[in-house]
Each structure stands twice: as structure tokens, then as C-alpha cells.
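Single-structure report; data block below.
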Amino acid sequence: MKHLRYLILLIVTAVGFAASSAIKVGAECVDEYVPLLAGKRVALLSNHTGLVGKEHTLDVMLRHGIKVTTIFSPEHGFRGNADAGEHVSSSVDSKTGIPIASLYDGKSRMPKKEVIDKFDILVVDIQDVGLRFYTYYCTMIDLMNAAARYGKDFMVLDRPNPNGMYVDGPILDMKYESGVGRLPIPVVHGLTMGEIANMANGEGWLKEGRRVNLTVIRCKGYTHQSRYTLPVAPSPNLPNMLSIYLYPSTCYFEATPVSLGRGTDKPFQVYGHPNMKGYSYSFTPRSRPGAKNPPQLNRLCHGVDLSSLDPEQVIARGINLEYVIDAYRNLNMDDYFFRPFFEKLIGNGNIRKMIEAGKSAEEIKASWADDVAKFKQQRRKYLLYQE
């Protein structure tokens, strides 16, 4: 059975690479966006994922004579090697000498007026993974608010959403709005960054109902059923596609004492705790780049290894709270298991109560079915790609 799963994983990976190779990301469509940027001062929100083949979009722009005056960097920094939540200082890109304005320096997520005065249009080229609590889209929304306030144009060089084939989870109750949740959307929203920008603009979700002058350079050959294998890890603890597919189900351990594998070779693919009992699998989180001080550092954790799961079955299940429920019942910590951060991640005040009341994962999923149906209808007019 293990060999069969491995074979399936190889086949799915091969199909993913084939599908990915047929997709052309927005940043590749140079003939579309370079003429629109000619003669303008450009700010670029990007990081290590902003690639056209092996060349960074910044270098592509400079090679075509585009005047890039500012680089904005998100969580994990411009080079993508900082820990989750780690403050990243502003600096200068060593290769080009262009100033990097960090939006994750612990001070403000809004750029200063003197930085905004240095550009005419803000361009976004960054690989998101399609989760409401993944912070790259939050950074984009912050910059859309700044652009709308100061009358700057806005452009998104779109990229596929690797979790774009389905919608799942409760819509964010805006009383839980935070750095891991900016918009009233489900946990798995199924939108590309261009579609999120389109919807935020159209639904009046920007501050004071403002709108930006928005241009989206679309992907070619992409639909929402495409399996897109990311050419580079989007952040240090999402090293492969299985981590990205399990992320909607295992991220909630961030709001508990349970390790989800940060500091191991299988982040988001395992879970465990030193006091969990009855499991044959164990692992020990260690300090490493991108996970300098992971939960349960240097402690032997007992739990579950999900790394042999069939990726297509993970996708088909969508959000699966069985893992969190399993750890909650095993540890028997009552009120000490969940932290307030859980509500910010799941975006709803009832889910914790349902878990504590003994509800099953399927019963809990049924509770947000209306949210999913409502959102799918609401987002339809903003979709840029076939469902």
C-alpha cells in the first residue's frame, strides 16, 4: 500500500509539472505590461517567488527599461528566508541598489507618505497559496488601501492559486480581523491574487469604500481546476505541494501547544506533542533556518505522520479538522488547548465550541456550508478564469 501511495504521488507530481508547464504566469506576459509601465515610476511588491523562469521579475523590468524606484517586501522578507511573523527591517537590494521598504517591520503595515511619493504605479508579483490566513494577500490589500488613498495606479501580475480548485471554511467574522485575516472570505477562497484584488475593489472592501485604478495581467492556460506545481517554495515551512495542500487543515495547530512539524523535514505534514499517547510515530523539532524557535523545540513529540497521504484525496477532503480534534481529545487539556489565535485563523467564534462539545469534523464542516455557497455566488462576477 505504501508503494502504491508513493506511485500515485509520483504520477500526480508528474501531471502537476505537465500542467504547470502549460501555464504562463502574468509576469511572463511582458508585451502586455511593459508598455503600460513605460515612463512611469514603479514600486514592486514581490519576493523570491516573483520569477519568470529563473529570472526575477525585478530584473525583467529593469532589462526592459522600466524605472523601479521602490521594492516592497512581505512576511518572510524579499528573499523569503525569515521566520513566520519575524520582523524584517527595510534595506537595499544588494543586486540593484533599489530601496526595499519592509511591510513586516513590526511598526506599520502601511508605507510612509515619503515612500508613496516616489512612485506612480504599484505592481504586485508574488505567489500566494490561496488561504485566508496566508499573509501575502493581506499585504497586497494594505498596499491597495495606500494606493487608493493617494491616487496611485495598481497592477497585479497574476499567478495561479495552487489551492484554487475549491472553496471551504467559514467566512471571516470581521470582529476577528487581524494580520492573518483581512477580508470577509472563507479560509480556502479559491481566488488568485488578481481575483482577490478585483473582488476587494468591486465589493467596497477597501478602506472608506475607495477604489483603485486596477489592471490585472492574467495567467494564460490556467483554470481553477489546474494542478499547478509551484516552481519555488513560497515560504520556508511550505517546502512542497503536500504541505501546501495540508496547510488548510493543519495550520490551526499554530493556536495550540501541538507541533505541526516546524523544525522538521515535514512542516504541516505531521503533528504531535510530548504528552500525546498511543502513537507509534515520533519526531523532534530542531532549530533551522525559517524555524529558529519552533514549538516543542528539542522535545520528542508523539503523533501522526500525514506525509504519505494521496494529494488528490487531501484536495478532495478540503479542510479536515479530524487532526485537530484527534490531538484535542488525546491531550485532554480542556481550556488549555486552544489559544485566542485559533479564532483568528478559523475566523469564527463557534468552531472551538463545537470541537469542545464533541462534534465531528463532518458536523463542523456542515456548519459553514451556507458560507461556502454564499461566497461562491458572490465571487462569480470577479473570476478571471474558468471554474
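This note's numbering puts the first residue of the sequence shown at 723, with every later residue one more than the last.
Idealized CB from N, CA, C, for every residue including glycine.
These numbers come from a predicted model, not from an experiment.
> Of all the beta strand (DSSP E) runs that stay within the bounds of the segment 833–902, which reach a length of 3 or more residues?
Replying inline: 843–847, 875–879
>> Given the structure, does I1041 come close to the ligand ADP, in the sense that its CB is under 7 Å from one of the ligand's heavy atoms?
In response: With respect to small molecules bound, the structure shown includes none, and the ligand ADP cannot be examined in it.
> Would DSSP call D1110 helix, strand or coil?
Replying inline: Nothing about residue 1110 can be reported from this structure: the residues present for the chain run from 723 to 1109 only.
> Is the number of C-beta pairs between the segment 1034–1043 and the segment 1054–1062 that are closer than 8 Å three or more?
Replying inline: no
> Would K874 be called buried (16 or more neighbouring beta carbons within 10 Å of its own) or exposed?
Replying inline: Here residue 874 is taken as the residue at index 152 of the sequence shown, counted from 1. Label assigned to K874: buried.
>> Under DSSP, the alpha helix (DSSP H) around K1066 begins and ends at which residues?
In response: Numbered from its first residue, the sequence shown carries residue 1066 at position 344. Element bounds for K1066: 1063–1068.
>> Below 8 Å, how does it come out for the segment 1017–1036 and the segment 962–970: are there three or more Cβ pairs, yes or no?
In response: yes
> Relative to the C-alpha of D1048, which residue among K840, G886, A955, Y974 is closest?
Replying inline: Stepping through the sequence shown from its first residue, residue 1048 is reached at position 326. For D1048, the nearest C-alpha among the options comes from Y974.
>> I'd like to check one pair, P989 with N959: are the Cβ atoms closer than 8 Å?
In response: One-based indexing of the sequence shown puts residue 959 at position 237. One-based indexing of the sequence shown puts residue 989 at position 267. Against a cut-off of 8 Å, the Cβ pair of P989 and N959 comes out as a contact.
> So, helix, strand or coil for G802, using DSSP?
Replying inline: The count along the sequence shown starts at 1 and reaches residue 802 at position 80. No answer about G802 holds up, because its pLDDT of 41 lies below 50 and its placement is not dependable.
> Taking N935 as the reference, which of Q947, H946, A919, Y950 has the closest Cα?
Replying inline: In the sequence shown, residue 935 corresponds to position 213, counting from 1. N935 has its Cα closest to that of A919, out of Q947, H946, A919, Y950.
> From A977 to K789, what distance separates their C-alpha atoms?
Replying inline: Along the sequence shown, read from residue 1 onward, the residue named residue 977 stands at position 255. Along the sequence shown, read from residue 1 onward, the residue named residue 789 stands at position 67. Going by the C-alpha atoms only, they are around 43 Å apart.
> Looking at C-alpha atoms only, which residue of L982, R940, A1095, H911 is the closest neighbour of M847?
Replying inline: Sequence index remark: in the sequence shown, residue 847 carries index 125 (1-based). According to the sequence provided, residue 847 is Asp. The question's Met does not apply to it. That would be R940, whose Cα lies nearest to the Cα of D847.
> Between which two residues does the beta strand (DSSP E) carrying K765 extend?
Replying inline: As a first step, residue 765 is located in the sequence shown; it is residue number 43 there, counting from the start. Residue 765 is actually Ala in this sequence, not Lys. First-last of the beta strand (DSSP E) with A765: 763–768.
> How would you write the range of the beta strand (DSSP E) that L913 sits in, first residue to last?
Replying inline: The residue given as residue 913 occupies position 191 in the sequence shown. Unbroken run through L913: none, as it is neither H nor E.
>> Let me confirm a value: P1011 is counted as buried when at least 16 other C-beta atoms fall within 10 Å, else exposed. Which label applies?
In response: As a first step, residue 1011 must be located in the sequence shown, where it is residue number 289. That one is exposed.
> Do the segment 882–898 and the segment 1064–1074 touch if we need at least three Cβ pairs shorter than 8 Å?
Replying inline: yes
> Helix or strand or just coil, what does DSSP make of P821?
Replying inline: Mapped onto the sequence shown, residue 821 falls at position 99. Reduced to three states, the DSSP call for P821 is strand.
> Taking the runs of the alpha helix (DSSP H) that are 4 residues or longer, which of them lie wholly in the segment 954–997?
Replying inline: 963–972
>> Report the CB separation of Y669 from M877 in whole angstroms; it is logged as a contact under 8 Å.
In response: The structure shown does not extend to residue 669, since the chain is modelled only from 723 to 1109, so the question has no answer here.
> Under the three-state reduction of DSSP, which class applies to K1087: helix, strand or coil?
Replying inline: By 1-based counting over the sequence shown, the position of residue 1087 is 365. In the structure shown, K1087 sits in a helix (DSSP, three-state: H, G or I).
>> In this structure, how does DSSP classify I1047 when only helix, strand and coil are distinguished?
In response: Mapped onto the sequence shown, residue 1047 falls at position 325. Correct three-state label for I1047: helix.
> Cβ of V910 within 8 Å of Cβ of V938?
Replying inline: For this step, residue 910 is matched to residue 188 along the sequence shown. For this step, residue 938 is matched to residue 216 along the sequence shown. Not in contact: V910 and V938 (Cβ atoms no closer than 8 Å).
>> Is the separation between the beta-carbon of P956 and that of T771 shorter than 8 Å?
In response: As a first step, residue 956 must be located in the sequence shown, where it is residue number 234. As a first step, residue 771 must be located in the sequence shown, where it is residue number 49. Yes.
>> Which of the three DSSP states is assigned to V774 in this structure?
In response: Within the sequence shown, the letter at position 52 stands for residue 774. V774 falls in the strand class under three-state DSSP.
>> My assumption, with CB atoms under 8 Å, is that A1013 sits in contact with G985. Please give the rounded CB distance.
In response: The sequence position of residue 1013 within the sequence shown is 291, counting from 1. The sequence position of residue 985 within the sequence shown is 263, counting from 1. The Cβ separation is near 4 Å, so the contact holds.
>> Just to check my reading of the structure: A717 and L825 have Cβ atoms closer than 8 Å, yes? What is that Cβ distance to the nearest angstrom?
In response: With the chain covering only 723 through 1109, there is no way to say anything about residue 717.
>> By the DSSP assignment, the beta strand (DSSP E) with L784 in it spans what residues?
In response: Position 62 of the sequence shown, counted from the first residue, corresponds to residue 784. Not the beta strand (DSSP E): L784 falls in the alpha helix (DSSP H), residues 779–785.
>> Measuring straight from C-alpha to C-alpha, what distance separates G926 and F841?
In response: The count along the sequence shown starts at 1 and reaches residue 926 at position 204. The count along the sequence shown starts at 1 and reaches residue 841 at position 119. Distance between the alpha carbons of G926 and F841: 24 Å.
> Can you name the start and end residues of the alpha helix (DSSP H) that Y755 belongs to?
Replying inline: Taking the first residue of the sequence shown as position 1, residue 755 is located at position 33. Unbroken alpha helix (DSSP H) run through Y755: 752–759.
> So which of G912, T951, V782, G983 has the shortest CA-CA distance to L879?
Replying inline: Position 157 of the sequence shown holds residue 879. It is V782 whose Cα lies nearest to the Cα of L879.
>> Looking at the secondary structure, which residues open and close the alpha helix (DSSP H) in which V1036 lies?
In response: Mapped onto the sequence shown, residue 1036 falls at position 314. Taken as a continuous stretch (DSSP letters only), the alpha helix (DSSP H) holding V1036 covers 1033–1039.
>> For a test of the three-state rule: what should DSSP assign to F1097, helix, strand or coil?
In response: The count along the sequence shown starts at 1 and reaches residue 1097 at position 375. In this structure, F1097 counts as helix in the three-state DSSP scheme.
> Residues bridged to R1010 by DSSP?
Replying inline: Reading the sequence shown from its first residue, position 288 is the one you call residue 1010. Paired residues: A1013.
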